[in-house]
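The block underneath contains the structure these notes are about, expressed in structure tokens.
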């Protein structure tokens with residue numbers, strides 16, 4: 001038998017390294033000690049026995065177990081109890097004190113409420129909702145934005161309608177007041193014209209009556225038109241009808257165009 005050497009996990013037999021090349025690889029080395037792992041050495045020893053190299057196995061510090069010895073090996077004795085304490089008489093027994101039952105059960109470890117735990121939980125939930133909003137699908141996000149836009153437009157439209165209705169009520173109120181003034185002015189003008197006609201000395205009574213009749217018709221017609229316009233305003237009729245009547249009456253006012 002030639003030289004036998006285990007050096008840095010490398011084994012030589014008669015200067016030939018190829019016999020055990022199947023056992024030698026990077027995983028056979030222990031990173032901490034730099035030596036061959038014990039299980040690899042055990043495989044070596046089995047290989048040596050099968051190749052009739054028992055002396056190599058004897059030189060190695062690890063024991064050589066054969067399959068027969070393992071089969072005949074006696075079972076290992078049961079482990080001894082960790083504690084073998086003899087019961088000594090205590091003072092409670094000698095004095096006749098009744099023995100208390102002691103509960104050795106472990107106390108329940110319930111999580112104690114921490115200060116600010118609810119606040120931190122709320123913050124985490126809020127952050128989770130924000131993350132969900134950030135990770136929201138593009139289609140759902142566009143739908144939500146479109147719905148919000150519709151809501152904003154409807155609110156703006158209601159605000160415009162409310163403002164327009166307020167302005168309309170104010171315009172009608174002022175217009176009715178202006179109509180009353182127009183009727184009073186027309187009545188005063190008719191009275192003046194009657195006085196002028198009566199003072200005409202070179203005009204016959206028939207001519208004067210004809211003038212009075214035409215002026216009365218004008219006054220009556222205007223009064224009827226004003227009353228109709230007043231009725232339209234009070235009953236909230238459409239402004240198209242009102243504007244047509246205004247044009248017929250030839251009324252001009254800065255507030256009404």
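In the UniProt record's numbering, the protein residues as written are 1 to 257. Quick reminder that beta carbons are idealized off the backbone N, C-alpha and C, glycines included.
Let me know the secondary structure DSSP gives residue 174 once reduced to three states. helix
So for residue 224, helix, strand or coil by DSSP? helix
Consider the C-beta atom of residue 165 and the heavy atoms of the ligand ADP; say whether any pair is separated by less than 7 Å. The ligand ADP is absent from the structure shown, which contains no ligands of any kind.
Quick one, are the C-beta atoms of residue 197 and residue 205 less than 8 Å apart? no
Residue 161, DSSP secondary structure in three states: helix
On the criterion of 16 or more Cβ atoms from any shown chain inside 10 Å, does residue 229 qualify as buried, or is it exposed? buried
Given this structure, state the Cα-to-Cα distance separating residue 122 from residue 143, to the nearest angstrom. 28 Å
Rounded to whole angstroms, what is the Cα-Cα separation between residue 161 and residue 153? 12 Å
Rounded C-alpha distance that separates residue 155 from residue 149: 10 Å
State the CB to CB distance for the pair residue 219 and residue 187, rounded to an integer number of angstroms; the pair is presumed to be in contact (CB under 8 Å). 7 Å
Between residue 215 and residue 193, how many whole angstroms is the CB-CB distance? I'm expecting something under 8 Å. 5 Å
Determine the DSSP secondary structure at residue 200, reduced to helix, strand or coil. coil
So residue 226 and residue 183 are in contact, right, with Cβ under 8 Å, and what is the actual spacing, rounded? 5 Å
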